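With mature numbering (1 follows the signal peptide of the UniProt record, and there is no 0) as the guide, the letters of the sequence shown map in order to residues -17 to -1, 1 to 140. We treat Cβ as the ideally placed atom computed from N, Cα and C, and that holds for glycine. Since we're looking at a predicted model, the values are computed, not measured. For reference, the structure is listed below as structure tokens.
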Amino acid sequence: MRLAALLILAIAVPASARDTIGIYKGWGAFRDSTPDRCYAIARPVMAGGRSSGFASIATWPKRGLRASLHIRLSRERDRSAGVTLTVGERRFALVASGLDAWASDGPSDRAIVAALRSGRSMSVEAVAVGGRPFADVYALSGAATAIDAAVLACSGG
């Protein structure tokens, strides 16, 4: 079931010469040639919204980015509300615009990825338009392997 969901997600992202690196439990790793990037990606196991959100950790060699977080929320958030990512006891404030959220800087990306490696699940919390809080919850089994596979694929390793 998860494999089918990941494949649907991969198809939903524009397919400009996409290569599948591998599927690792609930996470997939892919490489796009245009633009040249590799990423690990998963859909939430529990989504607080109406549409399909996702979490990805991408490496963009030409941009100098390695293991950079991107979250697509499952529903439109109240623009005055923040977005928080939680892994275990660790909480990270994300920078958000519309449905998308990111780590604020490189050190935050590295701290989040380190937390993902040792966590069992993560949740991304926000407040929807209309004032209702919601959370998208992700299982982290397979995340570390998918992240490593994506980084290696884009570093020539």
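Item                                                                                        : Value
Residue range of the unbroken alpha helix (DSSP H) whose run includes residue 92            : 89 to 101
Three CB pairs or more closer than 8 Å across the segment 61 to 75 and the segment 40 to 47 : no
Residue 124 versus residue 25 - alpha carbon distance                                       : 11 Å
Pair within 8 Å by beta-carbon distance, residue 53 and residue 10                          : no
Option nearest residue 96 by Cα separation, candidates 41, 81, 79                           : 41
Residues that residue 84 bridges to, as DSSP identifies them                                : 54, 79
Within 8 Å, strictly: CB atoms of residue 119 and residue 30                                : yes
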